[in-house]
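In the numbering used here, the protein residues as written are 3 to 265.
Think of the CB as a built atom: it goes at the ideal place given N, C-alpha and C, for glycine as much as any other residue.
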Ligand SMILES: O=C(O)CCC(=O)C(=O)O
Ligand SMILES: [Fe+2]
């Protein structure tokens, strides 16, 4: 294993303590502008796959629509040392999905890897493996405190949410749903990523994005989320995204950013 810079070592310590890490300046301004143009044009044409009740509009086909721009984000230099260190060659891209929030936006509390704590039970294996999954989310607009935020429930990196909340780990628009209410009552950490910043975090930590007021003219809140999974994963493990499109577009070998064919 190569030795890491002090900055990366400190970042890793923070990531493994809190479960999330803000990486300022991951993307240069021109790349941010390029991505915004792509996403705003797709939005204007109605070319999105999801538009949900909490205010998220999602684009799921960017690996095919923008192969070069998308390829740069897979194992992007800003997050690569962390992905390599934590997942190693077992790091597999699960999905790349961009979001815009044109109207009011108050995301449901969720953990992208719903079944993280139930892998052993769900595997029905005698020698189960517990996989880690990681999100790298690139922000394309400023989330200043008066405009927007990304909020994490604190101290849930190594601790499952209470057992009785399990049936409520799912998409809902009901703010009174038990898991939603429970998250609201916990100790929270608010992040305010700016355009070009990335947030790297373990996919099983409850979190919520939100917009506080309307966006400035021509500055619709936007981000791009890449999910990485540590293999093996199997189809009935519940996760926010589905890996099928990624596998079809990149091919199996193409989904492993750090595993070269020679080993
Ligand atoms: O900032 C947001 O809108 C939420 C992002 C999110 O859910 C994610 O990165 O997994
Ligand atoms: Fe999420």
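Q. At what residues does the alpha helix (DSSP H) containing residue 122 begin and finish?
A. 121 to 125
Q.
So the candidates are 68, 192, 30; which of them puts its Cα closest to the Cα of residue 149?
A. 192
Q: Would you check whether ligand 2 has a heavy atom nearer than 6 Å to the C-beta of residue 117?
A: no
Q.
Among 70, 94, 130, whose alpha-carbon lies nearest the alpha-carbon of residue 119?
A. 130
Q | Sequence-distant residues of its chain with Cβ nearer than 8 Å to residue 180 (five each side left out) | A | 166, 167, 170
**Q.** With 16 other Cβ atoms within 10 Å as the buried cut-off, status of residue 227
**A.** buried
Q) For the candidate residues 229, 18, 223, whose alpha-carbon lies nearest to that of residue 87? A) 18
Q. Got a sec? Which residues, its chain only, sit under 6 Å from residue 258 by beta carbon, not counting five neighbours each side?
A. 94
Q) For residue 229, which residues from the same chain have a beta carbon less than 7 Å from its beta carbon, with the 5 sequence-adjacent residues on both sides left out? A) 96, 97, 114, 135, 137, 205, 243
Q. Can we say the stretch 210 to 217 touches the stretch 77 to 91, given the rule of at least three CB pairs closer than 8 Å?
A. Judged by pairs of C-beta atoms under 8 Å, the stretch 210 to 217 does not touch the stretch 77 to 91, as fewer than three such pairs exist.
(Q) If you follow the beta strand (DSSP E) that residue 151 is in, where does it begin and where does it stop? (A) 150 to 155
Q: Can you check the stretch 168 to 249 for any beta strand (DSSP E) of at least 3 residues that lies completely inside it and give the ranges in chain order?
A: 190 to 193, 200 to 204, 209 to 213, 223 to 232
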